[in-house]
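Student:
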Amino acid sequence: MPSETKLDISEFHWMMDMLQTIDVGLVVLNNKHQVQIWNSFMENHSGLDPADVKGKVLFDLFPEVPRDWFCHKIDSVFQLHSRAFTTWEQRPYVFKFKNYRTITGTADFMYQNITIIPLLSLNGAVDHVCILVYDVTDAATSKAQLEQANQKLEILSRTDRLTQLFNRGHWEECLAKEFKRCQRSRLTSSLIMFDIDHFKKVNDTYGHQAGDEVIRVTSQALQDTLRQTDIAGRYGGEEFGVILVDTNAQDAYAFAERLRERIEALTVKYEALEINYTISIGISEIASDISEYTLWLEHADIALYHCKRNGRNCSTVYQAGMDGEGH
Ligand SMILES: Nc1nc2c(ncn2[C@@H]2O[C@H](COP(=O)(O)OP(=O)(O)OP(=O)(O)O)[C@@H](O)[C@H]2O)c(=O)[nH]1
């Protein structure tokens, strides 16, 4: 035998050895979807011996593999002589293998990317395809963890820590969106701005911690009064804003009075202290002639200061021409 051919044979053996031991799943199928080659990666993860799978139809060995979908992929490789791919993002796995990775022990199953390649015979026909199975559990779980962390950060970045309501920045973004929506659809919504009466006195008399508790209890009472579609935020220290979606001034007034009465009837207990307090509420239905959401806010603010001037513990609906001076 010429020495060149000998070398080819040894190379062939090395390659077979490498393909057997490589950390990638390797399956060769004929055009009847019968298994021809099954490397050790597949053996180790499936628990099925190459001798037992040889000649068997892949879908009989793995009934959980979505047959129509995977057949379609494989057959396109036979017909078009070009590669096909699936990623874990489309389908987390094709072969349901347990995840044994220590770092990503949180995933129950191995995430997989799959490539199907056509195998050309000497006569140029494609009678076999090779399925490569890549274990991408580490990458997939890191990405999922990153997405979870980002989601948490996003929630944190829009939440007020003391009250768990939206913070001012996010709430104002919601207000601007709602303003645009109302302008486009010609629907009406109302805005409520309220603040705690004589809050400085609460702080001065009972201390800042007790003041914080009053703010927390107020936001809880607000949450208990809201509908799911209403959007509440902490606008400033002891000032809150609520967007009442698809609500006219009359209905917003009814909501405001319900909230005001609820808070008037409340007693905040903090250590040995019992604190009673009230709120003042300004209401503004969106006006058709305003071009900026900031004017909508200003109207509610004017109505709120109207309450303050008229003895507090009340609700006032903004009217055109209402005097906003003095605040
Ligand atoms: N405890 C506490 N106090 C706050 C917080 N944010 C703002 N304040 C206080 O809230 C008080 C608001 O006082 P003012 O704006 O004078 O209003 P007020 O005393 O409620 O008076 P009226 O609104 O006119 O009824 C100030 O003393 C602030 O220091 C907070 O997060 N916690």
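The sequence shown begins at 0 in numbering that gives the first Met the number 0 and counts up one residue at a time.
Ideal Cβ positions, reconstructed from N, Cα and C, are used throughout, including at glycine.
(1) How many Å lie between ALA106 and GLU270 at the Cα?
(2) Please identify the residue among GLY210, ILE113 and LYS142 whose C-alpha is closest to the C-alpha of VAL128.
(3) Is GLU247 near ligand 1, with its Cβ less than 7 Å from a heavy atom?
(4) Is any heavy atom in ligand 1 found nearer than 7 Å to the beta carbon of HIS305?
(5) Using C-beta distances below 8 Å, list every residue in its chain close to VAL201, excluding the 5 sequence neighbours before and after it, in chain order.
(6) Among ILE116, ARG167, GLY168 and TYR92, which residue has its Cα nearest to the Cα of ALA139?
(7) Quick check on this structure: which residue in ILE230, TRP68, LYS95 and GLN111 has the alpha carbon closest to the alpha carbon of GLU88?
(8) Would you decide whether TYR99 is buried or exposed? Buried here means 16 or more other CB atoms lie within 10 Å of its CB.
(9) Kindly examine ligand 1 and report whether one of its heavy atoms sits closer than 7 Å to the Cβ of ASP196.
(10) Can you tell me whether PHE11 is buried or exposed? The criterion is at least 16 other CB atoms within 10 Å of its CB, across all chains shown.
(11) Can you tell me which of the three DSSP states SER189 falls into?
(12) Determine which residues share a DSSP beta bridge with CYS181 and list them.
(13) Within 10 Å of its beta-carbon, does ARG308 have 16 or more other beta-carbons around it, so buried, or fewer, so exposed?
(14) By the 10 Å Cβ neighbour count, where 16 or more other Cβ atoms means buried, how is PHE328 classified, buried or exposed?
(15) Verify the contact flag: HIS44, CB atom, against every heavy atom of ligand 1, threshold strictly below 7 Å.
(16) Which word fits GLY46, buried or exposed, when buried means at least 16 other C-beta atoms lie within 10 angstroms of its C-beta?
Tutor: To lay it out plainly:
(1) If you number the sequence shown from 1, residue 106 lands on position 107. If you number the sequence shown from 1, residue 270 lands on position 271. One C-alpha to the other measures close to 46 Å.
(2) Numbered from 1 along the sequence shown, position 129 holds the residue referred to as residue 128. It is ILE113 whose Cα lies nearest to the Cα of VAL128.
(3) Along the sequence shown, one-based indexing puts residue 247 at 248. For clarity, residue 247 is Asn in the given sequence; the question names Glu instead. ASN247: no, Cβ never under 7 Å from ligand 1.
(4) Position 306 of the sequence shown holds residue 305. No, ligand 1 has no heavy atom inside 7 Å of this Cβ.
(5) Looking up residue 201 in the sequence shown gives position 202. Answer for VAL201: ILE195, ALA209, GLY210, VAL213, ILE274 and TYR276, listed in chain order.
(6) Start at 1 with the first residue of the sequence shown, and residue 139 comes out as number 140. Out of ILE116, ARG167, GLY168 and TYR92, the CA that lies nearest to the CA of ALA139 is found in TYR92.
(7) As a first step, residue 88 must be located in the sequence shown, where it is residue number 89. It is GLN111.
(8) Residue 99 sits at position 100 when you count from the first residue of the sequence shown. TYR99 should be labelled exposed.
(9) Within the sequence shown, numbered from 1, the residue matching residue 196 stands at position 197. True, at least one ligand heavy atom lies under 7 Å from that Cβ.
(10) The residue labelled residue 11 in the question sits at position 12 within the sequence shown. It counts as exposed.
(11) One-based indexing of the sequence shown puts residue 189 at position 190. Reduced to three states, the DSSP call for SER189 is strand.
(12) Your numbering for residue 181 matches position 182 in the sequence shown. In DSSP, CYS181 forms no bridge with anything.
(13) For the purposes of this step, residue 308 is identified with residue 309 of the sequence shown, where counting begins at 1. Looking at its Cβ environment, which holds fewer than 16 other Cβ atoms inside 10 Å, ARG308 is exposed.
(14) With the chain represented from 0 up to 326, any question about residue 328 goes unanswered, as that position is not in the structure.
(15) In the sequence shown, residue 44 corresponds to position 45, counting from 1. No, the beta carbon of HIS44 sits no closer than 7 Å to any heavy atom of ligand 1.
(16) In the sequence shown, counting from the first residue as 1, residue 46 sits at position 47. With a 10 Å radius around the Cβ and a threshold of 16 neighbouring Cβ atoms, GLY46 comes out exposed.
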